[in-house]
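Enquirer: Numbering (the numbering used here), first residue to last: 2 to 159.
I'd like to ask some things about the structure below.
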C-alpha cells in the first residue's frame, strides 16, 4: 500500500505510541515520548500500512514552520518511525519522498529535520543521520540542548 495521509488525530497518536514501543533504541526518554505522541495528534502525518495489515507500521509527522536560520518557510519532519521489521525495505524513503512532494505542491522550497548529532556517537542515530544524508539533507546548524543529546539540523531543497 502506498504512503497515505493520516487524517485522524487519535490514530496518529496511537500509531506514534505503538512505533515508539517498537523502537526503544531510538525513543528511550519517556517524557519526550509523551510529547511526541501529543504532537503527533496535533500535526500532519503520513503513514504506511502493508497490504492486509490493520496497524500503521511507519509514520512521518510533519509541520509547516518558518526557519529563522534558513530565512525561509519549510516543512519540518518533526518525527518519524518505521517498525524495525520494515527497516531497509524502502518504507522510510517513501515517507520522505511523500513529504518532499507535499512541500513542492505547497510551494515550499525546503524540508528540514532535527536529529541527534553524529558527534554523540549513538549507533542507532548514526544510521538515522546517514539515512537523511542519503536523501541529500545537509547540516546547517548544531544545537547543544545538553551534553548528552547534541542536535544537528539538516535541510534539503525541494
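All C-beta atoms in this analysis are idealised placements derived from N, C-alpha and C, irrespective of residue type, glycine included.
Determine the burial state of residue 160: buried for a count of at least 16 other Cβ atoms within 10 Å of its Cβ, exposed for fewer.
Expert: What is shown of the chain runs 2 to 159, which leaves residue 160 out entirely.
Enquirer: Quick one: does residue 65 have its CB under 8 angstroms from some CB of chain D?
Expert: Reference to chain D is not applicable here, since this structure consists of a single protein chain.
Enquirer: Near residue 42, which residues of its chain fall below 6 angstroms by C-beta distance, leaving aside the five closest residues on each side in sequence?
Expert: Taking the first residue of the chain shown as position 1, residue 42 is located at position 41. Around residue 42: 10, 13 and 14.
Enquirer: When the Cα of residue 117 is compared with those of 20, 136 and 80, which residue comes out closest?
Expert: Counting from one through the chain shown, the residue named residue 117 turns up at place 116. Nearest of 20, 136 and 80 to residue 117, Cα basis: 80.
Enquirer: In the DSSP assignment, the alpha helix (DSSP H) including residue 24 goes from what residue to what residue?
Expert: Position 23 of the chain shown, counted from the start, is the residue given in the question as residue 24. Where residue 24 is concerned, there is no enclosing alpha helix (DSSP H), given that its DSSP letter is neither H nor E.
Enquirer: Given residue 119, which residues of its chain have a CB within under 8 angstroms of its CB, disregarding the five upstream and five downstream residues?
Expert: Counting from 1 along the chain shown, the entry for residue 119 is found at position 118. Result list for residue 119: 126, 127, 130 and 153, in chain order.
Enquirer: Among residues of its own chain, excluding the 5 on either side of residue 101, which ones have a beta-carbon nearer than 7 angstroms to its beta-carbon?
Expert: Along the chain shown, one-based indexing puts residue 101 at 100. So the qualifying residues of the chain are 112 and 159.
Enquirer: Out of 85, 45, 86 and 8, which one is the CA nearest neighbour of residue 66?
Expert: Taking the chain shown and counting its residues from 1, one reaches residue 66 at position 65. Comparing Cα positions, the closest option is 45.
Enquirer: In three-state terms, what does DSSP make of residue 13?
Expert: The sequence position of residue 13 within the chain shown is 12, counting from 1. The answer is helix: DSSP assigns residue 13 an H, G or I state.
Enquirer: Mind reading off the beta-carbon distance from residue 49 to residue 57? Whole number of angstroms is fine, and I expect it under 8 angstroms.
Expert: For this step, residue 49 is matched to residue 48 along the chain shown. For this step, residue 57 is matched to residue 56 along the chain shown. Going by Cβ atoms, the distance from residue 49 to residue 57 rounds to 7 angstroms, so yes, they are a contact pair.
Enquirer: Is it the case that the Cβ atoms of residue 70 and residue 142 are separated by a distance below 8 angstroms?
Expert: Locating residue 70 in the chain shown gives position 69, where the first residue counts as 1. Locating residue 142 in the chain shown gives position 141, where the first residue counts as 1. Contact: yes.
Enquirer: Under 8 angstroms, do residue 82 and residue 20 count as touching if we go by C-beta distance?
Expert: As a first step, residue 82 must be located in the chain shown, where it is residue number 81. As a first step, residue 20 must be located in the chain shown, where it is residue number 19. The answer is yes: Cβ separation under 8 angstroms.
Enquirer: Which of helix, strand or coil does DSSP assign to residue 36?
Expert: Position 35 of the chain shown holds residue 36. The answer is helix: DSSP assigns residue 36 an H, G or I state.
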